[in-house]
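Okay, structure first, notes after.
Residue numbers (the numbering used here), protein chains in the order written: chain A, 1 to 375; chain B, 1 to 213.
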């Protein structure tokens, strides 16, 4: 069984030869902070230029030799950028959406100002006067096309496309999280029209990516955060009334254009939405933050059943940064025994690896995954 | 007290405009500011906190309820200050050095204000020395520190150590919160309290300060 077959088997709820391993194929949230990756390379005695996998998250594109070394079964087909073009700027502008990001002391970035953030009561006119990007300004489709062809030719790994963030996360970046939440209740007309507009651009852009990749993609993945640590960000009722119908339309459209699996990354406590994700057409859920409320591994495995494949699971809050290598082994063993039962599980850290994770712990995670992952 | 019921409902349902209008109306009808605060607004925000704890409302509803509370309290503030009504306590809030996330901190600030605390918001990415200086200058009784990243959690410990060095640790209580923060972490770094969300942060703050008095 090669890597691609292993991944596709498990995501289709068949039992593969071992639990597949991901590292960085969704550079938005299963990769490694650029500075942390530089530290890892140094630890391994490797000197080379790092490429940026996801600009806003400032994560690395994990190189092919590192993926092979750790028995990783996935590879991102998303175009990357040279670090030398950016070089840890204090701030940068995420062009298509006009969102300003600022660097923290740990070399991660946070969105600090979006184009609608300072408007007290935004209106439909504000939406009209914004210069919305064309899909070709959001993504460079020729780069996707080339990378897809090249990787499919050279690699037997499952190819993962990280498409633009989901519309609710984008709306949060552009309006600020507080403004976005306030609008949901106090400025519903704007809120709904804003989401509609983003859905239109998102669907067209993802359609462009699908067209460029053709069969050279196995998983299409986007991040749209619906969970806080202790509860979903909005009530299940609001989610079902305001968000689900839009998502169903968007995912329905892209599923009519590709055979690839559709994966959703959403942090935090989202147990309450799991059935809705299935209705929407999501095939795979990431990252399974087991320390968030209602997200215990056994509980989500039972709920997911054969309807939703699971991806992620290894704790980045405490175990990877603060645990010993033995703690990491136990965490991997435990998660595989619960989540891996009967297939339907791909292992990765439950978020990007930051500078506080010792390289030994990361390496242990991969070694333990191979050791305990055999079916 | 139909008007107080209406006012309380405007907080619970998160209607900032109505909260402002009804507060002014209550004053015009001759109600005392402190009665409006204690009999309508605080019970309202208390109910909001309870509902949030029971997952009956979520963050957007909590946020607009906090906005409604803020609107009403803004109307009363000059009157309460005139009569020298004591605040529930003076709290400094900040997101620690290196961390740029502010939603959790803002919510805690809003809920504390709603519960009658005087809140000084230092902002995001705030160095330990700056927090110590502000605590001294403002004679704060409570400091609430926020962090969303595992990599910035050590800055909480650093802040507590700086407070000790400055000789302020005995007189100022310190609470910590944020997604990766746990009670265990709070105990390890010697914080006085931890809360997992904004309404419980208010409860914790009241509990800690009542022990001081």
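Note that beta-carbon positions come from the ideal geometry of N, C-alpha and C, so glycine has one too.
Length of the line joining the Cα atoms of residue i and residue j
i                      : j                      : result
residue 250 of chain A : residue 45 of chain B  : 38 Å
residue 80 of chain A  : residue 74 of chain B  : 50 Å
residue 16 of chain A  : residue 342 of chain A : 9 Å
residue 191 of chain A : residue 180 of chain A : 7 Å
residue 145 of chain B : residue 178 of chain A : 19 Å
residue 101 of chain A : residue 59 of chain A  : 14 Å
residue 225 of chain A : residue 293 of chain A : 15 Å
residue 71 of chain B  : residue 166 of chain B : 37 Å
residue 55 of chain B  : residue 231 of chain A : 8 Å
residue 150 of chain A : residue 275 of chain A : 37 Å
residue 3 of chain A   : residue 368 of chain A : 17 Å
residue 113 of chain B : residue 121 of chain B : 11 Å
residue 14 of chain A  : residue 336 of chain A : 15 Å
residue 126 of chain A : residue 323 of chain A : 49 Å
residue 193 of chain B : residue 125 of chain B : 21 Å
residue 325 of chain A : residue 188 of chain B : 21 Å
residue 64 of chain A  : residue 22 of chain A  : 12 Å
residue 254 of chain A : residue 261 of chain A : 10 Å
residue 167 of chain A : residue 223 of chain A : 9 Å
residue 242 of chain A : residue 203 of chain A : 17 Å
residue 103 of chain A : residue 168 of chain B : 31 Å
residue 366 of chain A : residue 30 of chain A  : 13 Å
residue 15 of chain B  : residue 153 of chain A : 59 Å
residue 10 of chain A  : residue 301 of chain A : 14 Å
residue 353 of chain A : residue 27 of chain B  : 55 Å
residue 289 of chain A : residue 206 of chain B : 31 Å
residue 93 of chain B  : residue 85 of chain A  : 37 Å
residue 184 of chain A : residue 171 of chain A : 11 Å
residue 133 of chain B : residue 142 of chain B : 14 Å
residue 138 of chain A : residue 113 of chain A : 19 Å
residue 170 of chain B : residue 140 of chain B : 12 Å
residue 117 of chain B : residue 8 of chain B   : 19 Å
Buried/exposed call for residue i, threshold 16 Cβ in 10 Å
i                      : result
residue 286 of chain A : buried
residue 186 of chain A : buried
residue 184 of chain B : exposed
residue 51 of chain A  : buried
residue 350 of chain A : buried
residue 120 of chain A : exposed
residue 2 of chain B   : exposed
residue 38 of chain B  : exposed
residue 124 of chain A : exposed
residue 30 of chain B  : exposed
residue 78 of chain B  : exposed
residue 329 of chain A : buried
residue 88 of chain A  : exposed
residue 182 of chain A : buried
residue 211 of chain A : exposed
residue 115 of chain B : buried
Nearest-angstrom beta carbon gap, residue j and residue i [assumed within contact, 8 Å]
i                      : j                      : result
residue 332 of chain A : residue 375 of chain A : Between residue 375 of chain A and residue 332 of chain A the Cβ distance is about 15 Å, and since that is not below 8 Å, they are no contact.
residue 66 of chain A  : residue 161 of chain A : So it is not a contact: roughly 20 Å between Cβ atoms.
residue 344 of chain A : residue 310 of chain A : 6 Å
residue 272 of chain A : residue 236 of chain A : 5 Å
residue 34 of chain A  : residue 83 of chain A  : 6 Å
residue 383 of chain A : residue 18 of chain A  : It is not possible to answer for residue 383 of chain A, since the shown part of chain A is limited to 1 through 375.
residue 256 of chain A : residue 227 of chain A : Actually they are not in contact, since the Cβ atoms of residue 256 of chain A and residue 227 of chain A sit about 28 Å apart, beyond 8 Å.
residue 176 of chain A : residue 117 of chain A : 4 Å
residue 182 of chain B : residue 147 of chain B : So it is not a contact: roughly 12 Å between Cβ atoms.
Cβ-heavy atom distance, residue i to the ligand GDP, below 8 Å
i                    : result
residue 5 of chain A : Ligands displayed in this structure: none; no statement on the ligand GDP is therefore possible.
Worksheet item: In chain order, which continuous runs of the beta strand (DSSP E) of length 3 or greater are located wholly inside the stretch 82-138 of chain A?
Response: 91-94, 99-103 and 109-113
Worksheet entry | Sufficient close CB pairs (3 or more, under 8 Å) joining the stretch 12-19 of chain B to the stretch 352-361 of chain A | no
Discussion item. When you compare the stretch 41-59 of chain B with the stretch 194-203 of chain B, are there three or more beta-carbon pairs, one atom per stretch, that lie closer than 8 Å?
Written reply: Between the stretch 41-59 of chain B and the stretch 194-203 of chain B, the count of Cβ pairs shorter than 8 Å is three or higher; the stretches touch.
Item to complete: May I ask you to verify whether the stretch 238-253 of chain A touches the stretch 193-204 of chain A, counting CB pairs closer than 8 Å and requiring at least 3?
Response: yes
Item to complete: Check whether the stretch 160-174 of chain A touches the stretch 66-77 of chain A, taking contact to mean three or more Cβ pairs, one atom from each stretch, closer than 8 Å.
Response: Contact between the stretch 160-174 of chain A and the stretch 66-77 of chain A is established, with three or more Cβ pairs separated by less than 8 Å.
Worksheet entry | Given 8 Å, three or more beta-carbon pairs between the stretch 299-317 of chain A and the stretch 275-290 of chain A | yes
Worksheet entry | Runs of beta strand (DSSP E) lying entirely within the stretch 155-197 of chain A, each at least 3 residues, in chain order | 158-162
Practice prompt. Please specify which runs of the alpha helix (DSSP H), each continuous and at least 4 residues long, are wholly inside the stretch 101-183 of chain B, giving them in chain order.
Written response: Listed in chain order, the alpha helix (DSSP H) elements of length 4 or more contained wholly in the stretch 101-183 of chain B are 103-114, 128-138 and 154-165.
Fill in: Start-end ranges of the beta strand (DSSP E) lying completely within the stretch 9-84 of chain A, minimum 3 residues
51-54 and 74-76
Worksheet entry | the stretch 89-104 of chain A touching the stretch 28-43 of chain A, judged by at least three CB pairs closer than 8 Å | no
Item to complete: Ignoring anything shorter than 3 residues or poking outside the stretch 248-311 of chain A, list the beta strand (DSSP E) runs there in chain order.
Response: 261-265 and 284-286
Worksheet item: Is the stretch 20-29 of chain A touching the stretch 262-272 of chain A, taking contact as three or more C-beta pairs under 8 Å?
Response: yes
Worksheet item: For the 8 Å Cβ check, are there 3 or more pairs between the stretch 155-166 of chain B and the stretch 125-143 of chain B?
Response: Output reads yes: the stretch 125-143 of chain B touches the stretch 155-166 of chain B.
Worksheet entry | Inter-stretch contact (C-beta, 8 Å, three-pair minimum) for the stretch 79-93 of chain B and the stretch 55-64 of chain B | no
Worksheet entry | Whole beta strand (DSSP E) elements within the stretch 332-373 of chain A, 3-residue minimum | You should have 345-349.
Worksheet entry | Ordered list of alpha helix (DSSP H) runs contained in the stretch 1-48 of chain B, each at least 4 residues | 2-12, 16-28 and 33-36
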